[in-house]
Every structure is written in structure tokens, then in C-alpha cells.
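Undergrad: Here the sequence shown is numbered in this note's numbering, starting from 7 and rising by one per residue. Below is a structure I'd like to ask you about.
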Amino acid sequence: MECIDRGHEPDADTIAADARTAFRSMRAGGVAVLPLSVSYAIFAHTARGVERIYELKQRAQTKPNGVIGNWDIFADVMVTTQRDRDLVRCITQEHDLPLSVIAPYRADHDWLRTVEYGGLRRSTKDGTMDLLLNAGRLHNELARMSWEAAAPLMGSSANVSLTGSKFELADVQESLRNGCDVVLGYGRSRYANDLAIGSTIIELPSWRVLRWGGCFEQQAAIVLERFGVAWPARPADGRLSLV
């Protein structure tokens, strides 16, 4: 296991080098812990790598993974309306916030041509895919590499399931860290929160909120002002995620 704990987010050149290290490992079958702005995450590319994520997280077999994405992937691979694209552009580009979207995807797209069936099966459900957008500079660099190489990266939050998102590398369970091939640490996640929740997840084209993430109130205010749509408030108690 190669552990690179920088203690804080480094400069752009170092981030690019770390992304190359993690990307090479994941393409070769490895599993990587990644410091994203929404939480620490665990990702892979191959079917076996994805299965290792389930084993390390002790994750329920019925829960699909998310996929690292950017605007190019979203616009070209996901099946969306112009209204959907306006929403995603507004949140992720105009306001520079992270967002996860669940939407139908083009199963015959070239970007998916290298994906082994087992990895794709674990990262889609009923013809939809959960795409994470704009979750920090490392995430965006990996998304660019993934798009250019046609090598999707699939994963989840770096934690044992049902223990909440982790915002410091030291809080990621040792059993999980030790089971990975590359572990990167950049200090505390930008959107760390007391609710131990990661990104907001919305469903397209319904715009239904499926998870009330760390930036939810800011995102909801933007959507109300820009589109006149009132999202339901974060539940005061009970489940913060419907997925």
C-alpha cells in the first residue's frame, strides 16, 4: 500500500501527479482512497477492484456505487433535458458547488467501452447512473483523465458502511485503508459537516432530492432563486438519504 498523506491540499502540479498515481493504480486493478471536497472516498476501475470496495466497506450488495464525473461526461453520457443541464451548470459551474445526479445514461457510449460488466453492474441501477460532479481539484483532474482515457472510476465514501462520511484521513477505518493500493490524504475535506454526510444527490429529470448533502441549504437557495423550485427542507431527524 502506497500512502501519500500531504496534510493539506497541495499545488496544482502535485495534485496532477497524485491523480496520475491513483489513476494508474485503479486502471491496473487497484483501489484508491481519495480526498474529495465532500468526504474521503474509495474508488476503482476494474470489476475486481469494485468488488474489493464492497468487501472493505462491508457494503450491502444491493447498493450501487457512484461514478466520478465532470461536465463533459454529464453532458455526453447522461440522458437529460436542457432544463436539467441548466440546473447542473448553475450549481456546479456558476456557483462552484459539488453535486451528485442520478439519471439515465447511454449504455452504448464509447466512454463505457472499457468497463467490465461486473464493475458497471455494481455502479448502475435500472438504467440509471449516479454521477458525482465538481468534488474538488483532485476529483476534477481524475474526471478529466477518466474521460480522456474512456476509463470510468466507480466507488463510494471511504468508510465502513453505515458509519458516516469521513472528512479526515485518520478517521477512515484502518482496515479499509490497509486494504487499498493507494491512499491519498489532503487534510480536512472542504465540506466537512457534523452530520457526517457527503454530497447532495438529486434525481433527473424529476429534480427530486435523494440525499440532503453538506451543501444542501446553499444549493436549495440557488435553485429557488434561479428556477423557482422549492426543494424540501433537510429532515430535522430521521434519514438524510433515500438511496
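Glycine included, every Cβ here is placed at the ideal spot set by N, Cα and C. None of the values given here were measured: they were computed from a predicted structure.
Cutting at 8 Å between CB atoms, please list the residues of its own chain near I10, excluding the five before and the five after it.
TA: Numbered from its first residue, the sequence shown carries residue 10 at position 4. Only D24, T27, V188, V189, L190, G191 meet the Cβ criterion.
Undergrad: Please tell me whether I207 and D136 are closer than 8 Å, where the distance is taken between their beta carbons.
TA: Here the question's residue 207 lines up with position 201 in the sequence shown. Here the question's residue 136 lines up with position 130 in the sequence shown. Their beta carbons are under 8 Å apart, which means I207 touches D136 by this criterion.
Undergrad: Residues in its own chain within less than 7 Å of V166 by CB, not counting five upstream and five downstream?
TA: Counting from 1 along the sequence shown, the entry for residue 166 is found at position 160. If we look at V166 and ignore the five residues flanking it on each side, its Cβ neighbours are K63, Q64, Q179, L182.
Undergrad: Roughly how many angstroms lie between the CA atoms of H101 and Q224, to the nearest whole one?
TA: Within the sequence shown, residue 101 is the residue found at index 95, counting from 1. Within the sequence shown, residue 224 is the residue found at index 218, counting from 1. Roughly 10 Å between the two C-alpha positions.
Undergrad: Measuring only the C-alpha atoms, how far is E209 from E15?
TA: Here residue 209 is taken as the residue at index 203 of the sequence shown, counted from 1. Here residue 15 is taken as the residue at index 9 of the sequence shown, counted from 1. Taking the straight line from one Cα to the other gives about 31 Å.
Undergrad: Apart from the five residues just before and just after A198, which ones in its own chain have a Cβ nearer than 6 Å to its Cβ?
TA: Along the sequence shown, read from residue 1 onward, the residue named residue 198 stands at position 192. Once the five neighbours on either side are set aside, the close Cβ partners of A198 are F173.
Undergrad: Going by the CB atoms, is the gap between M160 and R128 shorter than 8 Å?
TA: As a first step, residue 128 is located in the sequence shown; it is residue number 122 there, counting from the start. As a first step, residue 160 is located in the sequence shown; it is residue number 154 there, counting from the start. Cβ distance < 8 Å, so R128 and M160 count as in contact.
Undergrad: When the Cα atoms are used, what is the spatial distance from T87 to P211?
TA: The residue labelled residue 87 in the question sits at position 81 within the sequence shown. The residue labelled residue 211 in the question sits at position 205 within the sequence shown. T87 and P211: Cα-Cα distance of roughly 7 Å.
Undergrad: Rounded to whole angstroms, what is the Cα-Cα separation between S31 and N140?
TA: Locating residue 31 in the sequence shown gives position 25, counting from the first residue. Locating residue 140 in the sequence shown gives position 134, counting from the first residue. S31 and N140: Cα-Cα distance of roughly 22 Å.
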